[in-house]
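Top line first, the protein sequences correspond to chains S and Y.
Start counting the first sequence at 41; every next residue gets the next number (our numbering).
Start counting the second sequence at 5; every next residue gets the next number (our numbering).
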Amino acid sequence: MQLYARHLLINLEEEEARRRADPRRRIRRSHQYATKMAACGLFRSLSSNFFTVLPLLNRSATLSPLRLASQPYFGRTLATSCRLTAALKFTDKHEWIRVEDDGAVGTVGISKFAQEALGDVVYCGLPEVGTQLAQQDEFGALESVKAASELYSPLTGEVVEVNALLADNPGLVNKSCYKDGWLMKMTIGNPAELDTLMDEAAYERYIRSIED
Amino acid sequence: MMSHIRRTLSLCRSRSGVLQPARTSSASIGGGGDLVLQSRSTDVFQNLALEDWIDANVDLERRGVLLLWRNRPAVVIGRHQNPWNECNLPAMRSAGVPLARRRSGGGTVFHDLGNLNLTFFSSKKTYDRQRNLRVITEALRRICPELDVRATERFDILLNGHFKISGSASRLSRKSSYHHCTLLHSADRSALAALLRPSCPGIHSNATPSVPSPVTNLLDHAPTLRWEELLEALVHQYNAEFGLGSASTPVDPADESAFPGVAAAAAELRGWDWTFGRTPKFGVRTLLELTDERSAARGSARLQVEVKGGVVQSCELDVPAHWLPRRLSGELSGVLVGGRFCPHRAAAVFSEVTRSESCELRGRLRNLCDAVVSVMG
């Protein structure tokens with residue numbers, strides 16, 4: 041545990057230094073800011089236990105797991121952020137967002153329900169990198185034989201990447217809506233907005249209620 | 005009449021400001037169900053803006069709306085189309101025919117006063133294009149029983165199994181949808197044919213293409229079918245299909261008090277950024293034919309341009325060195341990069357280059373500039 045905590049602190053500092061040296065800083069400024077905030081959050085949670093943690097780091101003796109287990113805030117922060125990175129969150133317009141490991145960027149796509157309802161996608165109209173979006177803003181449209189269907193941003197943030205594969209292969213949205221058919225990646229300007237979205241179980245219930 | 009419209013729409017407005025069916029005052033609106041509206045405007049941008057206004061502001065969960073409209077001559081392309089590929093921009097400019105990009109998908113159409121547009125607004129749940137097209141086919145069956153009109157799987161309507169008299173496109177938004185279609189009563193078919201062809205050759209793009217079809221006018225097959233008669237039959241059939249008794253109410257999309265925000269929406273639709281700037285990324289690869297007026301010599305040059313967001317990203321102009329010094333062709337391609345893919349813009353920046361050149365080169369240079377400008381529509 042002691043070695044892990046040190047390792048984590050060093051990694052975060054190195055990560056920060058690497059980002060500062062990155063020539064593409066301008067585009068990823070908001071990305072950096074969000075990362076920094078996440079990192080600061082973690083530092084804060086660690087430093088709140090500073091008086092207990094520091095002596096532990098300096099000690100050569102091994103740590104009692106019981107003592108560290110009694111730092112509930114530290115443990116809870118790490119566990120929560122791990123859950124967030126894995127799960128999909130859904131909007132009532134059938135978009136999903138998956139928060140990336142660093143917690144600063146989310147990948148956005150449409151759900152299986154949505155792609156089935158749309159039919160074969162023939163064109164993906166997606167935004168430019170750098171576009172600023174507020175939650176629920178229109179950010180593009182998917183065209184299928186059925187219609188041009190508007191896309192709505194699940195969160196507030198900035199577009200940092202758009203799936204270039206979709207230009208020549210829009211059908212990826214149908215074939216692999218949760219993986220290769222992702223639409224765009226955006227920064228998470230306001231993480232609290234994630235709480236307004238549905239988790240997978242709630243989304244399944246929502247689908248069933250619409251279908252009835 | 006306009007005060008009646010304002011009253012009708014204001015009666016429908018809920019506390020939140022969104023239009024909703026006014027249950028208690030349904031008798032005064034006439035029918036208490038779907039609305040049938042007829043636009044007084046023949047401006048394509050105003051009518052498209054009105055569509056978006058209705059979609060955004062009327063509560064379509066409980067009631068549908070049918071909007072009938074027609075435009076002065078215009079070309080309308082689909083949401084994700086390439087206008088340089090779909091229509092003859094120089095011919096449109098000479099004829100004073102504007103270009104509009106709509107928000108729904110689908111292909112390119114020619115609008116004029118002989119082309120009736122119908123927009124069926126509904127909730128996403130009740131979105132049913134075949135049902136909407138049945139309104140048209142059943143209405144025509146009633147008033148022109150001798151005509152064979154049928155809707156296809158692609159949501160076209162064919163006359164006598166062969167000629168297209170109607171095409172459809174749609175848009176799905178937050179909670180609502182609209183499905184609009186054309187109906188050729190008496191459109192100018194020669195104008196249609198002249199304008200719906202590419203502006204320049206050699207376009208490489210993944211934009212949604214149009215599917216060209218032979219078209220005909222209803223009037224050519226039913227010479228006594230008056231415009232007003234057609235409209236009446238359609239309104240009657242809409243009410244029969246959707247079980248309501250709404251009379252058609254005229255609306256004016258230029259009326260900002262009835263439709264707040266509609267003028268700004270129309271302005272956005274008129275803008276270059278929406279009309280041309282929204283064109284999916286494309287490339288142009290073509291051969292330019294060059295002539296020297298003085299010596300009657302001929303030459304050719306290769307042009308390769310990449311355009312994104314309507315702006316030139318890169319340009320290669322490969323002109324043989326014996327025709328023009330490479331520094332000149334290099335300069336021409338250089339001044340295009342970063343600017344709009346637009347003939348006016350190109351002509352303006354080119355004139356700066358040609359102005360400073362000596363007489364003997366100017367003729368060939370101008371000829372080359374004209375050839376490049378003509379590629380831009």
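Even for Gly, the Cβ is constructed at its ideal location relative to N, Cα and C.
Contiguous beta strand (DSSP E) assignments of at least 3 residues, all confined to the region 214-251 of chain S: Fully enclosed beta strand (DSSP E) runs of 3 or longer: 224-227.
In terms of alpha-carbon separation, which member of Y:Val113, Y:Asn92, Y:Leu151, Y:Thr130 lies closest to isoleucine 250 of chain S? The count along the first sequence starts at 1 and reaches residue 250 of chain S at position 210. Nearest in C-alpha terms to isoleucine 250 of chain S, of all of Y:Val113, Y:Asn92, Y:Leu151, Y:Thr130, is Y:Thr130.
Report yes if the CB atom of serine 189 of chain S is closer than 7 Å to the CB atom of leucine 158 of chain S, and no otherwise. Within the first sequence, residue 189 of chain S is the residue found at index 149, counting from 1. Within the first sequence, residue 158 of chain S is the residue found at index 118, counting from 1. In contact: serine 189 of chain S and leucine 158 of chain S (Cβ atoms closer than 7 Å).
Closer than 7 Å to chain S by CB, asparagine 210 of chain Y: For this step, residue 210 of chain Y is matched to residue 206 along the second sequence. Among the residues facing chain S, asparagine 210 of chain Y is included, as its CB has a counterpart in that chain under 7 Å away.
With DSSP run on the structure shown, which of helix, strand or coil describes valine 239 of chain Y? Working through the second sequence from its first residue, we reach residue 239 of chain Y at position 235. Correct three-state label for valine 239 of chain Y: helix.
Using a Cβ-Cβ cutoff of less than 8 Å, which residues in the same chain neighbour glutamate 240 of chain S once the five nearest sequence positions on both sides are dropped? Taking the first sequence and counting its residues from 1, one reaches residue 240 of chain S at position 200. Excluding positions up to five away in sequence, the list reads Ala127, Leu128, Phe130.
Under the rule that 16 or more other beta-carbon atoms within 10 Å means buried, what is aspartate 208 of chain S, buried or exposed? Counted from its first residue, the first sequence places residue 208 of chain S at position 168. It counts as exposed.
Please list, in chain order, the chain Y residues whose beta carbon lies closer than 8 Å to that of valine 202 of chain S. Here residue 202 of chain S refers to the residue found at position 162 when the first sequence is read from its first residue. Per Cβ cutoff of 8 Å: no residues; valine 202 of chain S is ~11 Å from chain Y at best.
Taking Cβ-Cβ distances shorter than 9 Å, what residues in chain Y pair up with valine 148 of chain S? Residue 148 of chain S sits at position 108 when you count from the first residue of the first sequence. Ordered by position in chain Y, no residue passes the 9 Å Cβ test against valine 148 of chain S, which lies about 17 Å from the chain.
Quick one: does glycine 159 of chain S have its CB under 7 Å from some CB of chain A? Within the model displayed, chain A is absent; protein chains S and Y are what it includes.
Among residues of its own chain, excluding the 5 on either side of threonine 196 of chain S, which ones have a beta-carbon nearer than 7 Å to its beta-carbon? In the first sequence, counting from the first residue as 1, residue 196 of chain S sits at position 156. Taking C-beta separations shorter than 7 Å and ignoring five residues to either side along the sequence, the partners of threonine 196 of chain S in its chain run Leu173, Ala174, Gln175, Gly229, Asn230, Glu233, following chain order.
Under 7 Å between C-beta atoms, does alanine 187 of chain S make it to chain Y? Reading the first sequence from its first residue, position 147 is the one you call residue 187 of chain S. Contact with chain Y is found for alanine 187 of chain S, since one of that chain's Cβ atoms lies less than 7 Å from the residue's Cβ.
Mind reading off the beta-carbon distance from glycine 314 of chain Y to phenylalanine 280 of chain Y? Whole number of angstroms is fine, and I expect it under 8 Å. Position 310 of the second sequence, counted from the start, is the residue given in the question as residue 314 of chain Y. Position 276 of the second sequence, counted from the start, is the residue given in the question as residue 280 of chain Y. Cβ atoms of glycine 314 of chain Y and phenylalanine 280 of chain Y come within 8 Å of each other, at about 4 Å.
I'd like to know whether the C-beta of serine 190 of chain Y is nearer than 7 Å to at least one C-beta of chain S. Here residue 190 of chain Y is taken as the residue at index 186 of the second sequence, counted from 1. No, its Cβ sits nowhere closer than 7 Å to a Cβ of chain S.
Residues in the same chain with beta-carbon distance under 7 Å from phenylalanine 167 of chain Y, minus the five sequence neighbours each way, listed in chain order, please. Looking up residue 167 of chain Y in the second sequence gives position 163. These residues qualify, in order along the chain: Pro218, Val219, Thr220.
Would you decide whether asparagine 164 of chain Y is buried or exposed? Buried here means 16 or more other CB atoms lie within 10 Å of its CB. In the second sequence, counting from the first residue as 1, residue 164 of chain Y sits at position 160. Counting the other CB atoms within 10 Å of its CB gives asparagine 164 of chain Y a total below 16, which places it among the exposed residues.
Out of S:Ile150, S:Cys164, S:Phe179, which one is the CA nearest neighbour of glycine 170 of chain S? Taking the first sequence and counting its residues from 1, one reaches residue 170 of chain S at position 130. Checking every option, the nearest Cα to that of glycine 170 of chain S belongs to S:Phe179.
Hey, alanine 211 of chain Y and serine 108 of chain Y: beta-carbon distance below 7 Å or not? The count along the second sequence starts at 1 and reaches residue 211 of chain Y at position 207. The count along the second sequence starts at 1 and reaches residue 108 of chain Y at position 104. Contact: no.
Does the pairing of the region 54-73 of chain Y with the region 109-124 of chain Y give three or more beta-carbon distances under 8 Å? Inter-segment contact for the region 54-73 of chain Y and the region 109-124 of chain Y is present: three or more beta-carbon pairs are separated by less than 8 Å.
Counting only beta-carbon atoms, is glutamate 183 of chain S nearer than 7 Å to chain Y? If you number the first sequence from 1, residue 183 of chain S lands on position 143. The Cβ of glutamate 183 of chain S sits closer than 7 Å to at least one Cβ of chain Y.
Any Cβ of chain Y within less than 7 Å of the Cβ of glycine 165 of chain S? To locate residue 165 of chain S, count along the first sequence from 1; it is residue 125. Output row for glycine 165 of chain S: interface = yes.
For phenylalanine 114 of chain Y, list the residues DSSP reports as bridge partners. For the purposes of this step, residue 114 of chain Y is identified with residue 110 of the second sequence, where counting begins at 1. DSSP, once it has assigned bridges, lists Y:Val79 as partnering phenylalanine 114 of chain Y.
Local conformation of tryptophan 73 of chain Y per DSSP, three classes: As a position in the second sequence, residue 73 of chain Y is number 69, starting the count at 1. Secondary structure of tryptophan 73 of chain Y (DSSP, three-state): strand.
Can you give me the start and stop residues for the beta strand (DSSP E) that lysine 312 of chain Y sits inside? For the purposes of this step, residue 312 of chain Y is taken as residue 308 along the second sequence, with counting starting at 1. From DSSP, the beta strand (DSSP E) with lysine 312 of chain Y extends over 302-312.
Identify every residue that forms a DSSP beta bridge with aspartate 322 of chain Y. In the second sequence, residue 322 of chain Y corresponds to position 318, counting from 1. Aspartate 322 of chain Y is bridged to Y:Arg306.
Could you check if glycine 338 of chain Y is buried or exposed, using at least 16 other CB atoms within 10 Å of its CB as the buried criterion? By 1-based counting over the second sequence, the position of residue 338 of chain Y is 334. It is exposed - the Cβ of glycine 338 of chain Y has fewer than 16 other Cβ atoms within 10 Å.
Residues of chain S with a CB under 7 Å from the CB of glycine 109 of chain Y: which are they? Walking along the second sequence from the start, residue 109 of chain Y turns up at place 105. In chain order: Glu183, Ala187, Ala188.
Does cysteine 373 of chain Y come out as helix, strand or coil in the three-state DSSP assignment? Against the second sequence, residue 373 of chain Y aligns to sequence position 369. Cysteine 373 of chain Y falls in the helix class under three-state DSSP.
Please classify lysine 186 of chain S as buried or exposed, where buried requires at least 16 neighbouring CB atoms within 10 angstroms. As a first step, residue 186 of chain S is located in the first sequence; it is residue number 146 there, counting from the start. Lysine 186 of chain S is buried by the Cβ-count criterion.
Status (buried if at least 16 other CB within 10 Å, exposed otherwise) for arginine 158 of chain Y: Within the second sequence, the letter at position 154 stands for residue 158 of chain Y. Under this definition arginine 158 of chain Y is an exposed residue.
Between the C-alpha atoms of glycine 149 of chain S and threonine 141 of chain Y, what's the straight-line distance to the nearest angstrom? Taking the first residue of the first sequence as position 1, residue 149 of chain S is located at position 109. Taking the first residue of the second sequence as position 1, residue 141 of chain Y is located at position 137. For glycine 149 of chain S and threonine 141 of chain Y, the distance between alpha carbons rounds to 39 Å.
In the DSSP assignment, find the unbroken beta strand (DSSP E) run with phenylalanine 354 of chain Y in it and report its ends. By 1-based counting over the second sequence, the position of residue 354 of chain Y is 350. For phenylalanine 354 of chain Y, no beta strand (DSSP E) encloses it; the enclosing alpha helix (DSSP H) starts and ends at 347-359.
Simplified DSSP assignment, three categories, for valine 94 of chain Y: Within the second sequence, numbered from 1, the residue matching residue 94 of chain Y stands at position 90. According to the sequence displayed, residue 94 of chain Y carries proline and not valine. Under the three-state reduction of DSSP, proline 94 of chain Y is assigned to helix.
Spatial neighbours of proline 210 of chain S in its chain, beta-carbon cut-off 7 Å, leaving aside the 5 residues before and after: Counting from one through the first sequence, the residue named residue 210 of chain S turns up at place 170. Excluding five sequence positions before and after proline 210 of chain S, the CB atoms of its chain that fall closer than 7 Å to its own CB belong to Val161, Val162, Tyr163, Cys164, given in chain order.
Can you tell me where the beta strand (DSSP E) holding glycine 149 of chain S begins and where it ends? Taking the first sequence and counting its residues from 1, one reaches residue 149 of chain S at position 109. Where glycine 149 of chain S is concerned, the enclosing beta strand (DSSP E) stretches over 145-150.
Check the Cβ-Cβ distances between histidine 84 of chain Y and every residue of chain S, and say whether any is below 7 Å. On the second sequence, position 80 is the one that residue 84 of chain Y refers to. Taking 7 Å as the threshold, the shortest C-beta distance from histidine 84 of chain Y to chain S falls below it.
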